[in-house]
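Notes for the one structure printed next.
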Ligand code: ARG
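Residue numbers (the numbering used here): 740 to 1194.
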């Protein structure tokens, strides 16, 4: 490569070493920003036109050529070559090849620093809209499943030990409301990171005064950045984006973990569709819940990307340092990862077979221990004493290897009206007692459906 072949090579006497090229060129990664780069240049060009820096004829030529570059790439044309160090340089080179030296005017009053910051912000804003859409679709799926299966009971767990009876739909709606927070987090993110850096130049602000507000509005930003130093150097938008995505990943991962456990033969609550499972290369009998395991695994990757970004930005001196080029890969990777995880999670839930008979079969009478204690309280026993009486029963039953409800009458002596209480104690009864808002009772679940519908 000749020393003068690069756009910035004016002051250089020798070409970049091959090893250095390998280290520094980022086109393979940042070509993902093509659309945002073209949009950014179109808006910047319009700003230059309105400020009288370029003429109408010049603007139209530049804009047409930029659009044609985008459509060429979309058609699969290979426009980039080995000299293009990043997508921004590549677009400018092809632009100049197509319309001559007029193409170079697009970079008037702009640095790659504010250009990259703008493209990157636009990208995250666009992808956030896609992710929000996927989150809503998944919410709709769990809402519809929950409505369909209302009334089905299952054991609810704490410490992975049977705790209290719940409605299966109550569990499903917990996914809905967790996702709702994930959605709100991203909506907050969109309203916070709504400032356009264009006009900031490399560090000090462009010397060509143009209407920054109009350029920002053209790109869909509500505001312009207030300080050029901050605008070109901060990456906390990316940090927050990756953090929000890692949190969504961890939401999915927690539920995926339950699905993995539930699809074991020990539990048997769930059979994933073949489409979302895979077999073993050695053991013919195996059908593994790979979709859920992968979603659980990908959450580690999302957290890794967030950590990579944090490590990257914590010590870079202001304003731009080349380290910051490493900010793209984690963002692109997390975006693709979360979108496919949300899609698979949704389809896997939609196609899964829920084995309600197994859920009911596995419910142990010990799930009703709290309800028995509560019934004793109703008979006037203090809760601590009631807890002790029932705990005693459960302890004896455990020693004898039976359910506490099966213990002979002699052990129930301390319980007033034991016969009547035992009759009352059913899983359905337990659930029906929990109609406090947010609870698992039928009416409480209806309220959740109402809230979900409003959302
Ligand atoms: N490829 C670089 C990046 O994405 C472009 C910015 C280069 N800016 C500079 N001052 N060298 O970070």
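Cβ coordinates follow ideal geometry from the N, Cα and C atoms, glycine included.
Asked	Found
Cut-off 6 Å between Cβ atoms - residues of its own chain near residue 1031, not counting five sequence neighbours on either side	995, 998, 999
Distance cut-off 7 Å: residue 1064 Cβ against heavy atoms of the ligand ARG	yes
Beta-bridge pairing of residue 1039 - partner residues as DSSP gives them	None; residue 1039 has no bridge partner.
Alpha helix (DSSP H) segment containing residue 873, residue limits	851–887
Proximity test, Cβ basis, 8 Å: residue 803 and chain C	As a matter of chain content, chain C is missing from the structure shown, which is built from one protein chain.
Sufficient close CB pairs (3 or more, under 8 Å) joining the stretch 926–933 to the stretch 1127–1134	no
Length at least 4, wholly inside the stretch 882–952: the alpha helix (DSSP H) runs in chain order	907–931
Simplified DSSP state of residue 747, which is helix, strand or coil	coil
Of the listed residues 748, 1006, 758, 1080, nearest to residue 893 (C-alpha basis)	1006
Pairwise C-alpha distance: residue 780 and residue 853	11 Å
For residue 762: DSSP bridge partner residues	BP columns for residue 762 are empty, so no partner.
Three CB pairs or more closer than 8 Å across the stretch 968–977 and the stretch 850–866	yes
Through-space distance from residue 955 to residue 1190, alpha-carbon basis	37 Å
Coarse secondary structure for residue 1093, derived from DSSP in three states	strand
Residue 792: CB within 7 Å of a non-hydrogen atom of the ligand ARG	no
C-beta atoms of residue 1019 and residue 988 nearer than 8 Å	no
Span separating the alpha-carbon of residue 1176 from that of residue 910	15 Å
Cβ contact (3+ pairs, closer than 8 Å) linking the stretch 905–923 and the stretch 872–886	yes
Pairwise C-alpha distance: residue 749 and residue 740	Caution is warranted here: a pLDDT of 47 is assigned to residue 740, below 50, making its placement in the model unreliable, and the coordinate value is therefore given only provisionally. Rounded to whole angstroms, residue 740 to residue 749 spans 14 Å at the Cα level.
Near the ligand NAD: residue 1070 beta-carbon under 7 Å from a heavy atom	In terms of ligand content, the structure shown lacks the ligand NAD and carries the ligand ARG instead.
The ligand ARG heavy atom lying under 7 Å from the CB of residue 982	no
Beta-carbon separation (whole angstroms), residue 901 vs residue 890, contact threshold 8 Å	At roughly 20 Å, the Cβ-Cβ gap does not stay under 8 Å, so residue 901 and residue 890 are not in contact.
CA-to-CA distance, residue 991 to residue 1147, given in whole angstroms	45 Å
Buried or exposed (CB count within 10 angstroms, at least 16 for buried), residue 859	buried
8 Å contact criterion, which residue 1184 and residue 877 should meet: CB distance rounded	So it is not a contact: roughly 19 Å between Cβ atoms.
Where residue 1184 sits in the DSSP three-state scheme	helix
Own chain partners of residue 850 with C-beta closer than 7 Å, once the 5 adjacent residues on each side are dropped	940, 941
Local Cβ density within 10 Å of residue 1179, reported as buried at 16 or more and exposed below that	buried
Run of the alpha helix (DSSP H) containing residue 1139, from where it starts to where it stops	1122–1139
Inter-residue spacing [alpha-carbon to alpha-carbon] between residue 755 and residue 962	39 Å
Contacts around residue 1188, its chain only, beta-carbon distance under 6 Å, and the 5 residues preceding and following it disregarded	none
For residue 1027: DSSP bridge partner residues	1017
Cβ shell of residue 1192 (< 6 Å), same chain only, five flanking positions each side left out	none
Meets three-Cβ-pair contact criterion under 8 Å: the stretch 1078–1092 and the stretch 1118–1132	no
Pair within 8 Å by beta-carbon distance, residue 1067 and residue 768	yes
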